[in-house]
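**Student:** The opening residue of the sequence shown carries number 15 in this note's numbering; numbering runs sequentially from there. In this text, a Cβ means the ideal position worked out from N, Cα and C, and glycines have one as well. Given the structure is predicted, the values throughout are model-derived calculations rather than measurements.
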Amino acid sequence: MTLNTFHYAGVSSKNVTLGVPCLKEVINVASNIEAPSLKIFLEPFYAAKQENAKFIEQELAFTPLHTVTAAIEIWYDPDMRTTIIEDDLSFVEEFFAISDEEVEAKMHLQSPWLLRLELDRAKTIDRKLTMSYVAGCIAESFKTDLFIIWSEDNADKLVVRCRVLGGDDKEDDGLESIWTLDTTGVHLKSVMTVDGVDFHRAT
């Protein structure tokens, strides 16, 4: 371990806090490792060439949305079927040119305020992300709370448009709403003795 630390001293991508500190973490079975890392060996096909290994790297890499986002804008754009943003006009009108009953049913629920995300093309291509995949991940995170449309992968600008869906007509997700209390201090024993507190679930 010490020998590895010595050899990594001139490599900028390596964390050199290894050696003895790392050995102490192993011996003490530390739950919070200071510099966690993995060395992943690949199958022969992927190990033979850098571009093949890069494909696996892209599959494993965690990509937060902000790392591939070039710009975030909020617009007041009240007409749902068109837009005041010239760069988005063509794909917005194309989307609404084909009638969809589900979309039509939610038109009155859409907020006039628009969240517009413009993605960085180079970073998106480097991570092999498609517009439909990015938009799908956003939609999955917010379930029925957002209405999302997006530009094509070959468009001049890669844009995702999001509108909040409001009102009481949203689909019922089947979950019962409950109230909980969050505190800034901790005194579990006192909390558990208060009438009305479910002490079996207090954390």
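(1) Looking at Arg-175 and Arg-130, is the spacing between their C-beta atoms short of 8 Å?
(2) Determine the closest residue to Ala-153 out of Asp-114, Thr-97, Val-178, Asp-91, with distance taken between C-alpha atoms.
(3) Kindly confirm or deny that the stretch 144 to 152 and the stretch 164 to 173 touch, where touching means at least three C-beta pairs closer than 8 Å.
(4) Around the C-beta of Ala-149, are 16 or more other C-beta atoms found within 10 angstroms, so that it is buried, or is it exposed?
(5) Let's see if you can read the secondary structure: which residues bound the alpha helix (DSSP H) around Val-106?
(6) Go ahead and pull the three-state DSSP assignment for Arg-95.
(7) Below 8 Å on the Cβ atoms is my guess for Asp-91 versus Pro-126; work out the distance and round it to an integer in Å.
(8) Since Val-106 and Ile-163 should fall inside the 8 Å C-beta cutoff, what is the C-beta to C-beta distance between them, to a whole number of angstroms?
(9) Ignore the nearest five residues each way along the sequence and tell me which others in Leu-79's own chain have a CB closer than 6 Å to its CB.
(10) Can you check the stretch 112 to 162 for any beta strand (DSSP E) of at least 3 residues that lies completely inside it and give the ranges in chain order?
(11) Cβ of Lys-171 within 8 Å of Cβ of Asp-114?
(12) Going by DSSP, which residues form a beta bridge with Thr-83?
**Tutor:** Checking against the coordinates, here is how it stands:
(1) By one-based count along the sequence shown, residue 130 stands at place 116. By one-based count along the sequence shown, residue 175 stands at place 161. Yes.
(2) The sequence position of residue 153 within the sequence shown is 139, counting from 1. Considering only alpha carbons, the answer is Val-178.
(3) Counting C-beta pairs closer than 8 Å gives three or more between the stretch 144 to 152 and the stretch 164 to 173, which meets the contact rule.
(4) Here residue 149 corresponds to residue number 135 of the sequence shown, with the count starting at 1. Answer is buried; the Cβ neighbour count reaches 16.
(5) The sequence position of residue 106 within the sequence shown is 92, counting from 1. Where Val-106 is concerned, the enclosing alpha helix (DSSP H) stretches over 103 to 111.
(6) By 1-based counting over the sequence shown, the position of residue 95 is 81. Of the three classes helix, strand and coil, the one that applies to Arg-95 here is coil, per DSSP.
(7) Taking the first residue of the sequence shown as position 1, residue 91 is located at position 77. Taking the first residue of the sequence shown as position 1, residue 126 is located at position 112. Correct: roughly 7 Å between the Cβ atoms.
(8) Along the sequence shown, one-based indexing puts residue 106 at 92. Along the sequence shown, one-based indexing puts residue 163 at 149. Confirmed, Cβ separation roughly 7 Å.
(9) Within the sequence shown, numbered from 1, the residue matching residue 79 stands at position 65. Hits under 6 Å: none found.
(10) 127 to 133
(11) Translated into positions along the sequence shown, residue 171 becomes position 157. Translated into positions along the sequence shown, residue 114 becomes position 100. The answer is no: Cβ separation not under 8 Å.
(12) Here residue 83 refers to the residue found at position 69 when the sequence shown is read from its first residue. Answer by DSSP bridge pairing, in chain order: Leu-133.
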